[in-house]
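Counting from 1, one number per residue, gives the positions in the sequence shown under full-length UniProt numbering.
Here a beta-carbon is modelled for each residue, glycine too, at the ideal position from N, C-alpha and C.
Worksheet: the structure to be examined is printed underneath.
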Amino acid sequence: MPRVKGADVDYSYKVMACGWGSEETVNDLKYGDGLTLDQRKQLEEVAVTYSSIFSDRPGTASTEEHSIDLTSSIPVRQRPYPVPYAMRQTLRDELREMEDLGVIRKSSSPYASPVVVVKKKDGTNRVCIDYRRLNKLTIFDPQPMTPPADIFQGMEKDQYFSKIDLSKGYWQIPVRKEDIPKTAFVTMDCHYEFLRMPFEMMNSGATLTRAVKKLLCGMDNVVDYIDDLLIHTETWEAHVKTLSGLFKRLQEANFTERPVKCLLGSRTVDFLGHSLGRGAIGLQDENVEKVRNAPRPKTKREVRAFLGLVGYYKEFVPNFAAVSAPLSNLVRKGQPNILNWGDSQERAYNSLKVAVTSKPVLQLPDVNKRFILRTDASDRGLGAAVMQENEGTLFPVAYASKKLTDRERKYSVTEREALAIVWGVKKFSLYLYGTVFTLRTDHGALQFLNAAKFDSPRIMRWALALQANPSVICKSECVLAPMLTVPTEVWTQNQ
């Protein structure tokens with residue numbers, strides 16, 4: 001590994017000096033089921049050609065350095081937190097390994113943030129640095145991360161997938177020389193500072209994202225989310241070529257990949273909690289089991305955790321906002337800490353579990369086909385669904401819903417239906433903007449939205465707001481539209 005410009009440490013020496021060999025190698029790579037012998041051989045040859053990138057030890061990326069720009073020059077200095085005796089050996093072992101890897105070194109910096117040892121659910125301990133005071137002084141890095149919802153766009157025709165996981169991705173980014181002292185932390189025994197980027201800092205995710213995006217600049221069929229990469233192609237030839245090009249870039253940039261977490265040449269793949277393949281996207285089995293085994297919440301904190309767990313898949317659940325309303329109302333500001341758990345909360349809890357664990361599937365959007373937007377409104381909420389036709393059958397691409405405010409509940413039926421359309425078009429602008437789409441609603445009066453002069457000034461404003469959208473409005477008798485906003489208990493009984 002070459003010396004990184006601006007650093008005062010030869011990282012390659014630090015890694016090799018400990019005398020360890022990599023426990024994981026190219027031989028630990030996983031390959032997709034169903035590959036022919038020839039396909040498997042092609043992938044193995046590509047992997048062996050770039051075998052140096054497959055290691056469970058972090059590399060030293062040359063594409064980016066982590067900088068820490070502060071609003072104050074006064075060092076942040078805190079006393080070490082006490083660590084329970086039962087966790088002290090874990091802390092010493094972890095710090096020794098980090099030092100051997102060249103991730104940290106002994107420090108004499110005026111900065112000192114405390115260490116926290118956190119017990120994980122599996123019973124093991126995790127060492128973290130409490131950088132909260134330093135983070136408050138850090139100038140925010142606006143580097144955007146790719147929204148998970150955008151990552152899967154354009155994959156509707158892809159047949160082959162591979163996923164790559166960077167080995168300790170954050171630790172592969174060197175810290176800028178002049179900022180190394182700012183990373184210093186203290187334990188009861190020692191004072192250390194980071195040579196590689198710690199993940200607890202405010203801008204660490206932004207720095208890693210920028211480094212990966214520089215690596216992938218100009219590459220087609222590769223998407224990233226922090227330290228996870230997904231390769232997707234229509235043909236086998238394109239897949240092998242893309243993998244070869246990616247591996248070459250990773251090698252040149254000194255990135256390493258965790259072999260046991262990589263999967264090459266699969267027809268389906270789990271990525272960011274979703275199962276992807278064959279033109280559809282579903283829920284990852286592991287997360288479905290988490291929802292299935294989720295206990296009934298007993299505190300406001302547990303209610304928030306449950307809503308966060310199922311809410312990650314809200315685009316798969318029709319009428320999510322209305323279904324979850326009895327639970328979300330429990331955690332509103334001003335609500336008592338003791339849960340008022342009644343029949344409506346029990347129905348909402350069970351409905352959400354059923355909706356997610358039934359493993360619903362959405363069709364990946366095809367931008368070359370017309371989108372169909374279905375909207376509906378009730379006295380409680382709004383619902384919308386984007387759909388596309390495939391071989392004569394309509395398939396959902398995404399669902400969305402929202403609860404009505406007290407003011408919106410006073411709207412007339414026509415006004416609520418109009419609001420549903422305006423909100424639905426805005427909500428799904430990613431799919432609908434600049435396209436001719438079909439708008440379907442179960443309220444006949446809205447067929448005149450783009451032509452008639454309504455008595456309501458509010459509807460007229462909405463009609464003017466929609467006039468730039470070349471939509472085709474038609475009435476829908478499909479049962480889907482009413483299902484979008486039907487009351488929770490009715491929707492549950494019909495499952």
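Taking all protein chains shown into account, E200 has 16 or more neighbouring C-beta atoms within 10 Å of its C-beta and is therefore buried. Every alpha helix (DSSP H) stretch that sits fully inside the segment 204–272 and reaches 4 residues is listed by chain position as 204–216 and 236–252. For T90, the enclosing alpha helix (DSSP H) begins and ends at Y85 to D100.
Its Cα nearest to that of G154, the residue N221 stands out among H191, F140, M202 and N221.
The C-alpha of Y399 lies about 50 Å from the C-alpha of I74.
The beta carbon of S107 is closer than 6 Å to those of A184, H191, Y192 and E193 in its chain, skipping five residues each way along the sequence. At the C-beta level, A348 and S324 come within 8 Å of one another.
T36 carries a coil assignment under DSSP once its states are collapsed to helix, strand and coil. Per the coordinates, the alpha-carbon of S429 lies some 19 Å from the alpha-carbon of F395.
Beta-carbon to beta-carbon, V361 and L373 are separated by about 20 Å, too far to satisfy the 8 Å threshold. Look at T435 here: in three-state DSSP terms it is coil, with no helix or strand label.
Taking a C-beta distance under 8 Å as the contact criterion, V76 and L29 do not qualify as a contact pair. Within 10 angstroms of the beta-carbon of K168 lie 16 or more other beta-carbons, which makes it buried. Under the three-state reduction of DSSP output, Y399 falls in the strand class. Here R210 is not near E23, since their CB atoms are 8 Å or more apart. Taken in chain order, the complete beta strand (DSSP E) segments of 3 or more residues contained in the segment 125–189 are 125–129 and 160–165.
Ranked by Cα distance from L364, the options A322, E178, F437 and I281 are led by I281.
Between the alpha carbons of L404 and D366 lies a distance of about 31 Å. Under the 10 Å beta carbon count, E417 is surrounded by 16 or more other beta carbons and is classified as buried.
Here the segment 238–246 makes contact with the segment 31–49; the two share three or more CB pairs at distances below 8 Å.
Contact check between the segment 334–342 and the segment 407–425: fewer than three CB pairs, one atom from each, fall below 8 Å, which does not count as touching. Between K427 and A384, the CB-CB gap stays under 8 Å.
P360 sits in coil when the DSSP states are folded into three classes, being neither helix nor strand. Taking each of T124, L263 and I180 in turn and checking the Cα distance to N27, the smallest one comes out for L263. Taking C-alpha positions only, L35 is separated from F54 by approximately 21 Å.
With 16 or more neighbouring CB atoms inside 10 Å of its own CB, N319 falls in the buried class. Note on A305: under 16 other CB atoms within 10 angstroms of its CB, so exposed under the neighbour-count rule. The alpha carbon of F255 has as its nearest neighbour, out of G277, R267 and D227, the alpha carbon of D227. By the CB criterion at 8 Å, A206 and D270 fall outside the cutoff.
When DSSP states are grouped into helix, strand and coil, T49 belongs to the helix group. T405 carries a coil assignment under DSSP once its states are collapsed to helix, strand and coil. The three-state secondary structure of Y31, taken from DSSP, is strand. Take the alpha-carbon of M202 and the one of K182: they are about 13 Å apart. A residue is called buried once 16 or more other Cβ atoms fall within 10 Å of its Cβ, and Q172 is buried on that count.
In this structure, R57 is the residue among R132, Q39 and R57 with its C-alpha nearest to the C-alpha of R258. In the structure shown, G424 adopts helical secondary structure according to DSSP, grouped into three states.
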